[in-house]
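Colleague: Questions regarding the structure given below will be posed in turn.
In my numbering, the protein residues as written are -9 to 61.
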């Protein structure tokens, strides 16, 4: 699975293809629009899951240390 940075870069590239710099409008087909929204949603969820995973890893490490002390 692509990293969050790679995914966001890909989203920006795809979105930038549709920006009209002359009148500051964005023209995008529905398929690309929903693709970008989906990628943003996936990226946001991935960041949340990575944070939750890190908390669990830290908690697990603390429990292991406590168990070692008690043994």
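Note that beta-carbon positions come from the ideal geometry of N, C-alpha and C, so glycine has one too.
To the nearest angstrom, report how far apart residue 2 and residue 19 are at their CA atoms.
Modeller: Those two C-alpha atoms are separated by around 15 Å.
Colleague: Name the two residues that bound the continuous alpha helix (DSSP H) containing residue 35.
Modeller: Its alpha helix (DSSP H) spans residues 20 to 60.
Colleague: So the candidates are 4, 47 and 58; which of them puts its Cα closest to the Cα of residue 28?
Modeller: Comparing Cα-Cα distances from residue 28 to each of 4, 47 and 58, the minimum goes to 4.
Colleague: How big is the Cα-Cα spacing for residue 56 and residue 50?
Modeller: The alpha-carbon atoms of residue 56 and residue 50 are separated by roughly 10 Å.
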